[in-house]
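Student:
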Amino acid sequence: MGTSVDTATHCPYCSLQCGVAMRPAPPRPPVIEPTEFPTNRGGLCAKGWSAAELLDHPDRLLTPLVRTDPADRRSPFRPATWDEALGRVVDAIRTSQERYGLPSVGVFGGGGLTNEKAYQLGKFARVALRTPHIDYNGRFCMSSAATAGNRAFGIDRGLPFPLADLAEAQTILLVGANPAETMPPAMQYFDAGRAAGATHIVVDPRRTATARGATMHLQPTPGTDLALANGLLHIAIREGYVDEDYIATRTTGFEAVRQAASKYWPDRVERLTGVDETQLRATVRALATAGSAMILTARGAEQHSTGTDTAQAFINLALALGLPGKPYSGYGTITGQGNGQGGREHGQKADQLPGYRRIDDPAARAHVAGVWGVDPDELPGPGKSAVEMLDALGTPGGVRTLLVFASNIVVSAPDRNRVRESLRALDFLVVSDIFLSETAAQADVVLPTAQWAEEEGTMTNLEGRVLRRKQVLPPPDGVLDDLTFMSTLANRLGRGEFFSADPRVVFDELRRASAGGIADYAGITYERIEKEDGVFWPCPDEGHPGTQRLFAEEFATPDKRARFIRVDHRDVPEPTDLEYPYVLTTGRIMQHYQSGNQTRRSRSLQMTAHDPRVELHPDLARQLGVAANDLVELRSRRGRAVFRALVTDTIRPDTVFAPFHWGGAASANALTDPTLDRYSRMPSFKVCAVAVARVGGP
Ligand code: SF4
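Numbering (the UniProt record's numbering), first residue to last: 1 to 698.
Written as structure tokens, this is what we have:
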């Protein structure tokens, strides 16, 4: 373990936010070791071990970049001073606003930003730019489960209980989640539960590492999880497993859901999902007869045009069985991005203000405007969500100048060819990043920003635990952190008095802005976080212990009861046909994170995962004449991508899987369907129709 000069901080990647100690090793970057922090308890995955490689990476941006010919975005970049780069940005903002009005400037944020930066970005958009159009890449990640949680419980916190509770649950139903690959240190909680005799059931079209370790694996057709959940509820009702007392005293709306579930006879569900009735019944029995049981969803269930309703269907099942609020029981969603939870609480969403307040709520507007020192009427209303904003780039009445922070949308947004075209249609694109990402490569101005170990701030992990991110070393000369950049830019726009570049000052303001809201941070201080291994929100005052477990007594709805909401199966927006006969589902692999902008540059990670692989079942490979390592082209209605073949019987024969961490010719998001969920505006990443063909040998 660390010495006295180690700095305790957290891994920059996923929402587990493993604790790490950074030991100075000049002239090289600090050495990383895992700590016994309560999330990882000494564990770390390959991404965490490699994270320091980024700090002195040769690709690091160390100076702003501008185009040699400002009028031609195809002209080469050249280094520039901050003064010149910011001058170009301010000129572009002013030109857009004068020609097309205030909403012609848009902001695109990221779920990896610290709470301070996410908060400041929302305020920057509304107070400095005075635009309604700010959204972020979390729209591609957590938005469906967040919407469903808010509808049912009146609050959205990924896990409403600490991670340690996973080890105590006697049954866990895990839907569309693969923590063995995406956050391996979290498996210690699942493993401890299994060692103590717990039953774990995994629902996934692939027999993933997580599924292989489970008690039972349900392998449905992609896009049918909602039907599966309603089918499980049907069985629970018919076999008398529902908790009528809990339903009567703690919920509303069950009758409509009971009626809807009555149509989901097991034979129909078996036809829709491909999961046999025996497994359906065994799943219900395991959930209903255990002393404690959890239902957890993740992106596999949520990244659909029916993602919100699918999460809702599993919440309905959990409520019918009386699980939420009982010890070691309930519904939760496993957040993906490092600050996926905090990133959606502080106002970088098109429809929200800090504290998870609705931007169209007059009381919320008055409260936040009061903290910001502006007139509530000055605050813009709701703006366009992520994909809608991208669709409107460069269009009449749309966004003409876009500022992108911590997001590589050319790789991570659906239908990448359309995204690239949309970015080209902009009058001006500004990207703040640590590397020249695929998105930054299309920009007019690129601004080099500080990295995780070079900044102070807070992150909120998948449990709702607020953590400290600490500065271990200063940013390289010439690099500014985003808070400094925002306050400098605000100053040039004549709104500087509203912005601080000091993370502590920003956090204190965030606490006041969040006070009384759903995500209430008022009682959380940097000192408490340090002393208490993080503090769980809501925490309304400094004497409050923070809230590890939600819903034991009441839900956060006006009548304190959870809401059942009737939901029904709908076919996927893009069914397979003769031209596109296979289902593509996309996802993550252990060595890479999100768009791969960071992890694709890590030497150690590249050694084991340097090229993207498409998974095909041996039957499909035989049928198509594909052997292992052959080059395979996938083609959808939107584009093409080429991968090396990974032939494996862990996937259904009618489905192929491709990771989305790569850009260029192997971009899975060249294929994906941008059809949006009607409530969360989540794109349909997890299912589209493709043709598959061998195009080359190994
Ligand atoms: Fe932990 Fe996630 Fe970082 Fe891996 S990527 S070390 S699981 S925080």
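C-beta atoms are modelled at their ideal positions from N, C-alpha and C, and glycine is treated no differently.
Nothing here was measured: the structure is a model prediction, and the numbers come from that model.
The beta strand (DSSP E) spanning Ala118 covers which residue range?
Tutor: For the purposes of this step, residue 118 is taken as residue 118 along the sequence shown, with counting starting at 1. Taken as a continuous stretch (DSSP letters only), Ala118 belongs to no beta strand (DSSP E), being part of the alpha helix (DSSP H) at Asn115 to Lys123.
Student: Say whether the region 552–563 touches the region 244–259, bearing in mind that this needs 3 or more beta-carbon pairs closer than 8 Å, one atom from each stretch.
Tutor: Touching, yes.
Student: Keeping to the same chain, check which residues put their C-beta closer than 6 Å to that of Asp56; ignore five residues upstream and five downstream.
Tutor: Counting from one through the sequence shown, the residue named residue 56 turns up at place 56. Here the set comprises Pro29.
Student: May I ask whether a heavy atom of the ligand SF4 can be found less than 7 Å away from the beta carbon of Leu16?
Tutor: The residue given as residue 16 occupies position 16 in the sequence shown. Checking every heavy atom of the ligand SF4 against the Cβ of Leu16, one is found closer than 7 Å.
Student: Mind checking which residues open and close the alpha helix (DSSP H) that includes Glu527?
Tutor: For this step, residue 527 is matched to residue 527 along the sequence shown. The continuous alpha helix (DSSP H) containing Glu527 extends over residues Tyr526 to Lys531.
Student: Using CA coordinates, which residue listed in Arg637, Glu633 and Gly639 is at the minimum distance from Leu646?
Tutor: As a first step, residue 646 must be located in the sequence shown, where it is residue number 646. Here the closest residue by C-alpha is Glu633.
Student: Let me check you understand the geometry: is the CB of Met183 closer than 7 Å to at least one non-hydrogen atom of the ligand SF4?
Tutor: As a first step, residue 183 must be located in the sequence shown, where it is residue number 183. Met183: yes, Cβ under 7 Å from the ligand SF4.
Student: List the endpoints of the continuous alpha helix (DSSP H) containing Leu86.
Tutor: Along the sequence shown, read from residue 1 onward, the residue named residue 86 stands at position 86. Run containing Leu86: Trp82 to Tyr100, per the alpha helix (DSSP H) assignment.
Student: Okay, do the region 258–276 and the region 211–224 touch, 3+ Cβ pairs below 8 Å being the bar?
Tutor: yes
Student: Tell me the residue span of the alpha helix (DSSP H) that contains Phe161.
Tutor: Residue mapping note: residue 161 aligns to position 161 of the sequence shown, counting from 1. Per DSSP, Phe161 belongs to no alpha helix (DSSP H) and is neither H nor E.
Student: For Gly112 versus Ala556, is the C-beta distance shorter than 8 Å?
Tutor: For the purposes of this step, residue 112 is taken as residue 112 along the sequence shown, with counting starting at 1. For the purposes of this step, residue 556 is taken as residue 556 along the sequence shown, with counting starting at 1. No, they are not a contact pair.
Student: Using a Cβ-Cβ cutoff of less than 6 Å, which residues in the same chain neighbour Arg465 once the five nearest sequence positions on both sides are dropped?
Tutor: The sequence position of residue 465 within the sequence shown is 465, counting from 1. Cβ within range, chain order: Gly534 and Phe536.
Student: Considering only C-alpha positions, which residue in the set Pro618, His617 and Arg601 is nearest to His610?
Tutor: Against the sequence shown, residue 610 aligns to sequence position 610. The shortest Cα separation from His610 among Pro618, His617 and Arg601 belongs to Arg601.
Student: Quick one: grab the DSSP three-state call for Gly149.
Tutor: Counted from its first residue, the sequence shown places residue 149 at position 149. In this structure, Gly149 counts as helix in the three-state DSSP scheme.
Student: Kindly list the residues whose CB is nearer than 7 Å to the CB of Ser667, restricted to its own chain and excluding five residues on each side of it in sequence; keep chain order.
Tutor: The residue labelled residue 667 in the question sits at position 667 within the sequence shown. Only Val411, Arg416 and Ala641 meet the Cβ criterion.
Student: Quick one, are the C-beta atoms of Leu624 and Arg644 less than 8 Å apart?
Tutor: Here residue 624 is taken as the residue at index 624 of the sequence shown, counted from 1. Here residue 644 is taken as the residue at index 644 of the sequence shown, counted from 1. No. Outside cutoff.
Student: Sorry if obvious, but does the Cβ on Lys117 come closer than 7 Å to a heavy atom of the ligand SF4?
Tutor: The residue you call residue 117 lines up with position 117 of the sequence shown. Because no heavy atom of the ligand SF4 lies under 7 Å away, the Cβ of Lys117 does not count as near it: no.
Student: Roughly how many whole angstroms lie between the Cα atoms of Lys326 and Ser292?
Tutor: Counting from 1 along the sequence shown, the entry for residue 326 is found at position 326. Counting from 1 along the sequence shown, the entry for residue 292 is found at position 292. Taking the straight line from one Cα to the other gives about 8 Å.
Student: In chain order, what residues of the same chain lie with their CB nearer than 6 Å to the CB of Thr308, ignoring the 5 residues before and after it?
Tutor: The residue labelled residue 308 in the question sits at position 308 within the sequence shown. Correct list, in chain order: Ser144, Thr147, Ala148, Asp677, Tyr679 and Ser680.
Student: Let me know if Glu116 comes out buried or exposed under the rule of 16 or more other beta-carbons within 10 Å of its beta-carbon.
Tutor: Locating residue 116 in the sequence shown gives position 116, counting from the first residue. It counts as buried.
Student: At 4 residues or longer, what runs of the alpha helix (DSSP H) sit wholly inside the region 12–63?
Tutor: 46–50
Student: What runs of the alpha helix (DSSP H), each 4 residues or longer, lie entirely inside the region 184–265?
Tutor: Runs of the alpha helix (DSSP H) inside the region 184–265: 187–195, 209–212, 225–238, 244–250 and 254–261.
Student: Compare the Cα-Cα distances from residue 721 to each of Ala311, Leu296 and Arg74 and report the closest residue.
Tutor: Past the edges of the chain, shown from 1 to 698, lies residue 721, and the structure says nothing about it.
Student: Return helix, strand or coil for Thr131, following the three-state DSSP convention.
Tutor: Translated into positions along the sequence shown, residue 131 becomes position 131. It is coil, neither helix nor strand.
Student: Could you work out which residue in Gly457, Ala406, Glu456 and Pro414 is closest to Phe435 when comparing CA atoms only?
Tutor: Position 435 of the sequence shown, counting from 1, holds the residue named residue 435. Among Gly457, Ala406, Glu456 and Pro414, the Cα nearest to that of Phe435 belongs to Ala406.
Student: Enumerate in chain order the residues of its own chain whose CB-to-CB distance from Trp452 is below 6 Å, with the five nearest sequence positions on each side excluded.
Tutor: Within the sequence shown, numbered from 1, the residue matching residue 452 stands at position 452. Here the set comprises Pro12.
Student: What alpha helix (DSSP H) runs, 4 residues minimum, are completely inside the region 541–626?
Tutor: 603–608 and 618–624
Student: In the DSSP assignment, find the unbroken alpha helix (DSSP H) run with His10 in it and report its ends.
Tutor: The residue labelled residue 10 in the question sits at position 10 within the sequence shown. Not the alpha helix (DSSP H): His10 falls in the beta strand (DSSP E), residues Thr7 to His10.
Student: Just to confirm before moving on: does the CB-CB distance between Arg402 and Ala425 stay below 8 Å?
Tutor: Position 402 of the sequence shown, counted from the first residue, corresponds to residue 402. Position 425 of the sequence shown, counted from the first residue, corresponds to residue 425. The amino acid at residue 402 is misidentified as Arg; the sequence shows Leu. No, Cβ-Cβ distance for Leu402 and Ala425 is not below 8 Å.
Student: Select from Ala628, Thr672 and Val687 the residue whose C-alpha is nearest the C-alpha of Val695.
Tutor: By one-based count along the sequence shown, residue 695 stands at place 695. For Val695, the nearest C-alpha among the options comes from Ala628.
Student: Note down, in chain order, each residue of its chain lying with its Cβ closer than 6 Å to the Cβ of Val89, except the 5 sequence neighbours on either side.
Tutor: Here residue 89 is taken as the residue at index 89 of the sequence shown, counted from 1. Taking Val89 as the centre and dropping the five residues before and after it, the same chain places the C-beta of Val430 and Val445 closer than 6 Å to its C-beta, in chain order.
Student: Going by DSSP, what residue range makes up the beta strand (DSSP E) through Pro448?
Tutor: Within the sequence shown, the letter at position 448 stands for residue 448. Unbroken beta strand (DSSP E) run through Pro448: Val445 to Pro448.
Student: Is the beta carbon of Glu554 closer than 8 Å to that of Pro162?
Tutor: Reading the sequence shown from its first residue, position 162 is the one you call residue 162. Reading the sequence shown from its first residue, position 554 is the one you call residue 554. For Pro162 and Glu554, no; Cβs fall outside 8 Å.
Student: Does the Cβ of Arg603 have 16 or more other Cβ atoms within 10 Å, making it buried, or fewer, making it exposed?
Tutor: Your numbering for residue 603 matches position 603 in the sequence shown. Arg603 should be labelled exposed.
Student: Take Pro266 as the anchor and find which of Ile237, Glu168, Thr333 and Pro683 has the nearest alpha-carbon.
Tutor: The sequence position of residue 266 within the sequence shown is 266, counting from 1. It is Ile237 whose Cα lies nearest to the Cα of Pro266.
Student: Going by DSSP, name the residue or residues bridged to Gln352.
Tutor: Locating residue 352 in the sequence shown gives position 352, counting from the first residue. Paired residue(s): Arg358.
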